[in-house]
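The next block holds one structure in the form of structure tokens; read it before the comments.
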Amino acid sequence: MALQVNELTRVFKYMGATLPDPDPKMSVDTVMSVYAHQYPELASADASTESNGSKQIITFQKVIGHKG
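This is the structure in structure tokens:
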């Protein structure tokens, strides 16, 4: 039995919007930095990952904190 390798397509989500993958070779942190120019709150956001079939869905979430 041969081993079959399927490549996952990355999908980035933020606030209900789907963001295109700027470069599949970039790390998730680098992609978050790229999108932080458009969405400044991503500079301190968290990312969660889940797989759905042939897609890897990365969701960016704002970190809620308080000012000191």
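Residue numbers (my numbering): 159 to 226.
Using N, Cα and C, we set each Cβ at its ideal position, and we do this for glycine too.
Which stretch, first to last residue, makes up the alpha helix (DSSP H) that contains residue i?
{"i": "Pro187", "result": "Looking at the sequence itself, residue 187 is Asp, so the reference to Pro does not match. First-last of the alpha helix (DSSP H) with Asp187: 186-193."}
Out of the options, point me to the one whose CA is closest to residue i's CA.
{"i": "Leu166", "options": "Ile222, Ser209, Ala201, Met159", "result": "Ser209"}
{"i": "Met110", "options": "Ser212, Ala175, Phe170", "result": "Residue 110 lies beyond the range of the chain shown here (159 to 226); nothing can be said about it."}
Take the Cβ of residue i as the centre, count every other Cβ of all protein chains shown within 10 Å, and call the residue buried at 16 or more, exposed below.
{"i": "Leu161", "result": "exposed"}
{"i": "Met190", "result": "buried"}
For residue i versus residue j, is the C-beta distance shorter than 8 angstroms?
{"i": "Thr188", "j": "Ala205", "result": "no"}
What's the C-alpha gap between residue i and residue j?
{"i": "Ala203", "j": "Tyr172", "result": "10 angstroms"}
{"i": "Ser212", "j": "Asp181", "result": "17 angstroms"}
{"i": "Val192", "j": "Ile215", "result": "17 angstroms"}
{"i": "Pro178", "j": "Thr207", "result": "15 angstroms"}
{"i": "Lys220", "j": "Gly174", "result": "13 angstroms"}
{"i": "His195", "j": "Val163", "result": "35 angstroms"}
With respect to the beta strand (DSSP E) encompassing residue i, which residues constitute its N-terminal and C-terminal limits?
{"i": "Ala175", "result": "175-177"}
{"i": "Glu199", "result": "Where Glu199 is concerned, there is no enclosing beta strand (DSSP E), given that its DSSP letter is neither H nor E."}
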